[in-house]
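Residue numbers (this note's numbering): 22 to 384. C-beta atoms are modelled at their ideal positions from N, C-alpha and C, and glycine is treated no differently. To start, the structure itself, in structure tokens.
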């Protein structure tokens, strides 16, 4: 008995959800699609991986014309690590959901290729609950999967395993990846269209059929409760309205997002739903900041992209796809402010942030 107690006391407490705070996150990241860029295998050196990461990270904004002819600005946030526990908070704040996965590695043999494909597929399983799409970038092979350093005159192309369901991008070396930015553009476009379809599905849901969205630690609190009561029905509507605000912000509709956040705060305040009221206020502040200060979105300086060679084709093409400079941001800011009338004035944003923090502290 005594030994059992000793084991219990010496065992560290299990990690709780959201035990990995993200100190690099900004208010503008509320509108971003979260993409994990993961280094796999041992053949690719860390320095080479960093060059690839920097090249991809530069393409963090694309413009997409929707079915109504409206041009939307879609932002992406790239990260190198993401605890799966944080992914569980995707219903609470949708920008915490990992939507895209890009793996980067290098191989020179069929065995190494098989292993890299296996690691990629295992990462897909790890984030399967939220993942929309993935890509695998592999160096050391030609476009038709032949090894670069083979001594054979006509080497036999490698084959990917049958369970590898991801589109692979194969390059002999970093300098050969001249079309990488166009692939990243297509990748982000696919994430947008899936998210947009899910947003439209949510918008069409009947009010009496709405499910109650929950933060991970809340699931045990609502077991056995009457979810059909008037208070809980309002709670369902308020949380879903806030959820639609999150989705609208991610798909480039800040005006709609602000409308949802304003409505959600009124509903959630009436039922004393403090946690989700705080999140709605946080979303309201983030959407307003995005409208007022779009040029403060995450940028990547020329020094960080020094790995790109001057005059390379990728450098010239990237300007037409995903450039994010201060002058462009200021111009779009003026255009957006003219059309968006329900954003918070600058002086109110700190006040609403303060209120959000106070409500969070009540939980």
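Please tell me whether residue 384 and residue 296 are closer than 8 Å, where the distance is taken between their beta carbons. Numbered from 1 along the chain shown, position 363 holds the residue referred to as residue 384. Numbered from 1 along the chain shown, position 275 holds the residue referred to as residue 296. For residue 384 and residue 296, yes; Cβs fall inside 8 Å.
Residue 126 in three-state terms, based on DSSP: Counted from its first residue, the chain shown places residue 126 at position 105. Note: residue 126 maps to strand in three-state DSSP.
In the structure shown, what three-state DSSP assignment does residue 74 receive? Reading the chain shown from its first residue, position 53 is the one you call residue 74. If DSSP states are grouped into helix, strand and coil, residue 74 belongs with the helices.
How is residue 264 classed by DSSP in three states: helix, strand or coil? The count along the chain shown starts at 1 and reaches residue 264 at position 243. Three-state result, residue 264: helix.
What does the alpha-carbon distance come out to for the pair residue 83 and residue 74? As a first step, residue 83 is located in the chain shown; it is residue number 62 there, counting from the start. As a first step, residue 74 is located in the chain shown; it is residue number 53 there, counting from the start. Whole-angstrom Cα-Cα distance: 17 Å.
Strand pairing of residue 95, partner residues [DSSP]: Translated into positions along the chain shown, residue 95 becomes position 74. Looking at the DSSP assignment, residue 95 forms a beta bridge with 83.
By alpha-carbon positions, which one of 284, 154 and 46 ends up nearest to residue 207? By 1-based counting over the chain shown, the position of residue 207 is 186. Looking at the Cα atoms, 154 is the closest of the given residues.
Beta-carbon within less than 6 Å of residue 167's beta-carbon, same chain only, minus the 5 sequence neighbours each way: which residues are those? Taking the chain shown and counting its residues from 1, the one referred to as residue 167 is at position 146. Counting only Cβ-Cβ distances below 6 Å, and skipping sequence neighbours, we find 176 and 178.
Close beta carbons around residue 325, own chain, < 7 Å, minus the five adjacent residues each side: As a first step, residue 325 must be located in the chain shown, where it is residue number 304. Because residue 325 carries a pLDDT of 42, less than 50, the predicted location of this residue cannot be relied on, and no value is offered for it.
Does DSSP put residue 121 in a helix, a strand or coil? Residue mapping note: residue 121 aligns to position 100 of the chain shown, counting from 1. Strand, per DSSP.
DSSP three-state call for residue 191: helix, strand or coil? Numbered from its first residue, the chain shown carries residue 191 at position 170. Correct three-state label for residue 191: strand.
With 16 other CB atoms within 10 Å as the buried threshold, where does residue 132 fall? Taking the first residue of the chain shown as position 1, residue 132 is located at position 111. Burial call: exposed.
Residue closest to residue 227, alpha-carbon to alpha-carbon, out of 241, 47, 189 and 262: Start at 1 with the first residue of the chain shown, and residue 227 comes out as number 206. Selected option, being the one with the closest Cα: 262.
May I ask you to report which of helix, strand or coil DSSP gives residue 154? What you label residue 154 is simply residue 133 of the chain shown in a count that begins at 1. Strand, per DSSP.
Contact check, residue 221 vs residue 52, beta carbons under 8 Å: One-based indexing of the chain shown puts residue 221 at position 200. One-based indexing of the chain shown puts residue 52 at position 31. The answer is no: Cβ separation not under 8 Å.
Buried or exposed, going by whether 16 or more other CB atoms sit within 10 Å of the CB of residue 286? The residue labelled residue 286 in the question sits at position 265 within the chain shown. Looking at its Cβ environment, which holds 16 or more other Cβ atoms inside 10 Å, residue 286 is buried.
Excluding five sequence neighbours on each side, which residues of the same chain lie with their C-beta closer than 6 Å to the C-beta of residue 138? The residue labelled residue 138 in the question sits at position 117 within the chain shown. If we look at residue 138 and ignore the five residues flanking it on each side, its Cβ neighbours are 181, 182 and 185.
Since residue 57 is in the alpha helix (DSSP H), which residue starts that stretch and which ends it? Translated into positions along the chain shown, residue 57 becomes position 36. That residue, residue 57, is in no alpha helix (DSSP H); its beta strand (DSSP E) goes 53–60.
Beta-carbon spacing of residue 150, residue 108 below 8 Å: On the chain shown, position 129 is the one that residue 150 refers to. On the chain shown, position 87 is the one that residue 108 refers to. Yes, the Cβ-Cβ distance between residue 150 and residue 108 is below 8 Å.
Say the cut is 7 Å; is the CB of residue 267 nearer than that to a heavy atom of the ligand ATP? By its list of ligands, the structure shown contains no ligand whatsoever, and the ligand ATP lies outside what it can speak to.
So the candidates are 88, 193, 59 and 276; which of them puts its Cα closest to the Cα of residue 104? Position 83 of the chain shown, counting from 1, holds the residue named residue 104. Cα-wise, what sits closest to residue 104 is 59.
With DSSP as the reference, identify every bridge partner of residue 168, one or two as the case may be. Position 147 of the chain shown, counting from 1, holds the residue named residue 168. According to DSSP, residue 168 bridges with 162.
One or two residues paired with residue 288 in a DSSP bridge: Residue mapping note: residue 288 aligns to position 267 of the chain shown, counting from 1. According to DSSP, residue 288 bridges with nothing at all.
So, is residue 156 buried or exposed, given that buried needs 16 or more other C-beta atoms within 10 angstroms? Reading the chain shown from its first residue, position 135 is the one you call residue 156. Its Cβ being crowded by 16 or more others within 10 Å, residue 156 is buried.
Selected residue, minimal CA-CA separation from residue 61, among 141, 305 and 89: If you number the chain shown from 1, residue 61 lands on position 40. For residue 61, the nearest C-alpha among the options comes from 141.
Just to confirm my understanding: we take residue 98, look at its own chain, exclude 5 residues before and 5 after, and list those with CB closer than 6 Å. What are they? In the chain shown, counting from the first residue as 1, residue 98 sits at position 77. Correct list, in chain order: 50, 53 and 55.
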